[in-house]
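Enquirer: Below you'll find the structure I mean.
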Amino acid sequence: MTGRRQSRLDPRAPRAALAALALVALAAAHPVAAAEPPTLRLNDLEYLSMPGLDVMLAQDYYPEGHQGGVGIIQNGQRVATNGELRLDRTPGQWQPIPKVIGRRTVDRATGEISVRMAYPDESRDRKGFNPIVYPDLRFAYTVRVRPEGQGFRILVDLDQPLPDAWIGTVGFNLELFPGALFGKTWATNTAQGLFPRQANGPGALDAHGDYQIAAMARGRRLVIAPESEEQRMSIEDATGSELELVDGRGQHNNGWFVVRSLIARGAAKGAVDWRVMPHAIPGWTRQPVVQVSQVGYHPSQRKIAVVELDKNDTRRPPIVVSRIAEDGSLRTVLEDAGEEWGDFLRYRYRRLDFSRVGEPGMYLVRCGEARSSPFRIAADVFARGVWQPTLEYFLPIQMCHVRVSERYRVWHDACHKDDARMAPVDHLHFDGYAQGPSTLTRFGPGQPVPGLNQGGWHDAGDDDLRVESQADTMRGLALAWEAFHPDYDQTSVDEANRVVEIHQPDGKPDVLQQIQHGALTVVGSYRTLGRFYRGIISPTLRQYTHLGDFASQTDNVVSADDRWVFTEDNPQRALEAAAGLAASARALRGYDDPLAAECLAIAQEVWTSAREDRQPPAPGPRRHASARIALGVELLMATRDRRYADYLVGQREAIVGHVPSTGWQVGRVLSLVDDPAFTKAVTDAVVAYRDEVRAQEGKTPYGVPYEPNIWGAGWNIQAFGMEQYFLHAAFPQLFSADGMLDALSFVLGCHPGENTASFVSGVGARSTTVAYGFNRADWSYLPGGSVSGTALIRPDYPELLVWPYLWQQTEYVLGGGTTDYLFLVLAADRLLNQ
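Our numbering applies: residue 18 is where the sequence shown begins, and numbers increase by one.
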């Protein structure tokens, strides 16, 4: 594409002259305003800001997820990130990354922000959740960002010059978000071109055998999207070095466009000196965003519309609720100023309670020029097409060891029929898997383990089977079956022939078939290994990052490419898995009695054998107290055996002390425990927790305890809503259903940020239809899958990008991330229509 930019200039002119004239014309088209322009200044949150432009440095540190280093938010959109020294032109997830040394430094007088960084990061070098292999290179440096009018400078000072062997390898990278640039142009002083939809060659293999795509452009000055008011940005290297524009997707499917300059031989102080000028639209103010549930509301449900505003926006038009007529006209049913809620993150919020609007129909909410998606008000709003996609699409599609078809489409063929070989000992794998000095079983390293090629669901796009995700999915489905008995049959499951047909009923409840499918892998592992597996995962990174049909990841014949099975001595995880089996045993009775009996027997055996005193409780929002309490609850419900009730009574102090994680569980069995003193102690603790929940809910305009981090909080909000249901059921005088319903509305679209999509793909007027599943390379989605949702770009920017490769925003998972949502919708439908 180089040299073929559309232009009205003389097409016979040399390319260098064309580029120079284009830049001159661009400057003439946008003269400097006569009024004193705003400039970048350091704000209270310690980043540089002016209307239409924010520049952060090292407030995020998640470079493998495209968050970290120097980051730029331009006219309301994050356009660049990961401005830092890297050892690769287009680094991927497992390439070396620097570590931050100490705290960021802020100079209030000059506005300069700086941070010390170094290679290697010893905490990640061949250790940790995802080990990284660092080369034998040690150096430290300081990255500085300094405001200069409406732009800024990026400076890097090395403590000492790089070794000669690393000249030509170490460079300063800045990643540009591709989703905002497709079809837009770039220009240097010598060439012009377009940002392509897909990575295009040419390229060649380097000395390490890695494919290196040729640079799209080179030059001392680069202009990004000159034709775009929203995204025009120039970068100039003041050291005299050449800038390189590279398509990072040439080496990694999830790469971004990269602007890079190399560190020169002998350079130390001022080794990098970039002048960056992003165009901020004069007087820019972000447009209001109206946030509602993308599905709608029950007539008797509390209904809150949230309007998210730029803090500099002083306009206060009324908030209008309109009913959509058959001819497309809008009939105003409510017009009100609403309430000024206040500030949250970087925005200001107004809210309108329109609960009194209850007439069935289609509606939308407007505030000035901003409007919501259309939504429905009806008594059966949650009865069809809301929870069902999770059961009739997502769970079947994720099923392992079977062929999954839907009419003309094959979602994936029968896969991993060669599961699994025993993992090598003393081995640190990736994605949190590790095998200790023993296999803990009768099987040796590399030996095929029979009985593991049945059942289970793939986890997101990684196709591993973690015991906790399998068991938690089973437990969530079992709780939904017990509470609501969704006798729904849209899927045919033939385990013997490994065939699943979506939208072909077979006379069996889909929920029970899915529980059965999960039990086949969890019970099968225990039956063969004599213990639960840690999980089954790909042996190589090439297989782990595989995209497309799972069946093509291995040859489905016992051989060297088989997945590995890991074991561990982890009593907490074993107890958690056993809780899933105990709940499943209750659901499977009368459907698959032999399997139900085996589930219960294993759960009881784990209850007896698991020794928690050898390991502290695992971290996480649901694991603050002993996992044995959860298992005790499930076994008490499954057996009515008094010994489990006595155990719970004996754990009163632990239960009361961790009531946020235990209250909803223990509340389910208070009548079975039948101990007035125990009931009073738990109830008193729940009263205190109710006050804590109310305080948390009041911290956000959404009525839920939303504390965003690098990862989206959608799954946590679903879990909160599910727990609120059980607290409402056990303690109706203390907990209303509003917390549960507000959590559901949050997941379905009433959440922070410009992207108001439902976190559940294919559900609602607008939903996340570019998501991180096994088909993420296709820019598509799996209906009914729940994504992690709106994440936080620290310190205050909520983001949900339309991009298939950000796992911290749009990844699907199993466990509560799937079943809590299904449970929430069923609960809402039941409670609101009682």
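Glycine included, each C-beta is placed from N, C-alpha and C at the ideal position. In this text the structure is predicted, and so the values were computed from the model without any measurement.
Would VAL650 count as contacting chain C if we go by Cβ distances under 9 angstroms?
Expert: Absence of chain C from the displayed structure is noted, only one protein chain being present.
Enquirer: Alpha carbon to alpha carbon, what distance is there between ALA232 and GLN735?
Expert: 44 angstroms
Enquirer: For the segment 286-335, which segments carrying the beta strand (DSSP E) assignment without a break, of at least 3 residues, lie completely within its bounds, in sequence order?
Expert: 289-295, 306-308 and 321-327
Enquirer: Assuming the contact rule is C-beta atoms closer than 8 angstroms, ARG438 and GLN464 should be a hit. Round their C-beta distance to whole Å, please.
Expert: 7 angstroms
Enquirer: Quick one: what does DSSP say GLU376 is sitting in, helix, strand or coil?
Expert: Here GLU376 carries a coil assignment [DSSP, helix/strand/coil].
Enquirer: Between LEU687 and the rest of its own chain, which residues show a CB-CB distance below 6 angstroms, the 5 nearest in sequence each way excluded?
Expert: THR696
Enquirer: Counting beta carbon pairs with one atom in the segment 304-319 and one in the segment 219-235, are three or more of them shorter than 8 angstroms?
Expert: no
Enquirer: Taking the beta strand (DSSP E) that LYS116 falls in, what are its first and last residues?
Expert: 116-123
Enquirer: Taking the continuous beta strand (DSSP E) assigned at PRO769, which residues delimit it?
Expert: From DSSP, PRO769 is part of no beta strand (DSSP E); its letter is neither H nor E.
Enquirer: Are there 16 or more other CB atoms within 10 angstroms of the CB of PHE212, so buried, or fewer, so exposed?
Expert: Counting C-beta atoms within 10 angstroms of its own C-beta, PHE212 has 16 or more neighbours from the protein chains shown and is therefore classed as buried.
Enquirer: Can you tell me whether PHE411 is buried or exposed, with buried defined as 16 or more other CB within 10 angstroms of its CB?
Expert: With 16 or more other Cβ atoms within 10 Å, it is buried.
Enquirer: Grab the span of the alpha helix (DSSP H) containing SER688 for me, first residue to last.
Expert: Unbroken alpha helix (DSSP H) run through SER688: 687-690.
Enquirer: Classify ARG103 as helix, strand or coil using the three-state DSSP reduction.
Expert: Here ARG103 sits in strand by DSSP.
Enquirer: By DSSP's criteria, GLY168 is part of a beta bridge. Which residues make up the other side?
Expert: GLU165
Enquirer: Across which residues does DSSP place THR349 in a beta bridge pair?
Expert: Bridge partners of THR349: SER339.
Enquirer: Considering only residues of the same chain and omitting the five flanking positions on each side of VAL676, which have a CB-CB separation below 7 angstroms?
Expert: ALA702, VAL703 and TYR706
Enquirer: For the beta strand (DSSP E) that contains TRP10, what are its first and last residues?
Expert: As shown, the chain starts at 18 and ends at 851. That puts residue 10 outside it, with no answer to give.
Enquirer: State whether the segment 777-784 contacts the segment 737-748, with contact taken as three or more CB pairs (one from each stretch) at a distance under 8 angstroms.
Expert: They do not touch, by the three-pair rule.
Enquirer: Which residues in the same chain have their Cβ closer than 8 angstroms to the Cβ of THR456, if we skip the five residues on either side of it in sequence?
Expert: Cβ within range, chain order: MET439, ALA440, VAL442, PRO462 and THR584.
Enquirer: Give every residue of the same chain whose Cβ lies closer than 8 angstroms to the Cβ of GLY833, excluding the five residues on either side of it in the sequence, and list them in chain order.
Expert: ASP489, GLY493, ARG639, TRP732, GLN735, ALA736 and MET739
Enquirer: If you compare alpha carbons, which of PHE501, PRO526 and GLN471 is closest to GLU512?
Expert: GLN471
Enquirer: I need the DSSP call for PHE371, collapsed to helix, strand or coil.
Expert: coil
Enquirer: What are the boundary residues of the alpha helix (DSSP H) that ARG238 is part of?
Expert: In the DSSP assignment, ARG238 falls outside any alpha helix (DSSP H) and lies within the beta strand (DSSP E) extending over 238-241.
Enquirer: Looking at the structure shown, is THR205 part of a helix, part of a strand, or coil, going by DSSP?
Expert: strand
Enquirer: Leaving out five residues on either side along the sequence, give the residues of the same chain with a beta carbon under 7 angstroms from the beta carbon of ALA46.
Expert: Caution is warranted here: a pLDDT of 40 is assigned to ALA46, below 50, making its placement in the model unreliable, and the coordinate value is therefore given only provisionally. Here the set comprises nothing.
Enquirer: How big is the Cα-Cα spacing for ALA135 and ARG590?
Expert: 36 angstroms
Enquirer: State the DSSP-derived secondary structure class of ASP217, mapped to helix, strand or coil.
Expert: Sequence check: residue 217 is Asn here, not Asp. ASN217: coil per DSSP, three-state reduction.
Enquirer: Residue range of the alpha helix (DSSP H) that ARG544 falls in?
Expert: 527-546
Enquirer: Determine the direct distance from the alpha carbon of LEU351 to that of VAL337, and round the result to whole angstroms.
Expert: 6 angstroms
Enquirer: Tell me which same chain residues have a C-beta within less than 6 angstroms of the C-beta of SER486, skipping the five on either side of it?
Expert: Only residues of its own chain outside the window of five on either side were considered, and among them ASP476, LEU831 and GLY832 have a CB closer than 6 angstroms to the CB of SER486, listed in chain order.
Enquirer: Would you report the Cα separation of PRO299 and ASN60, rounded to the nearest angstrom?
Expert: 19 angstroms
Enquirer: For LEU537, which residues of its own chain have a beta-carbon under 6 angstroms away from its beta-carbon, when the five flanking residues on both sides are left out?
Expert: Correct list, in chain order: GLN471 and GLY472.
Enquirer: Which residue from GLN91, GLU409 and THR807 puts its Cα closest to that of VAL528?
Expert: GLU409
Enquirer: At the level of alpha carbons, what is the spacing between SER805 and TYR829?
Expert: 7 angstroms
Enquirer: For PHE361 and ASN726, I'd like the C-alpha separation in whole angstroms.
Expert: Their Cα atoms are separated by approximately 14 angstroms.
Enquirer: Could you tell me the boundaries of the alpha helix (DSSP H) in which GLU670 lies?
Expert: 669-674
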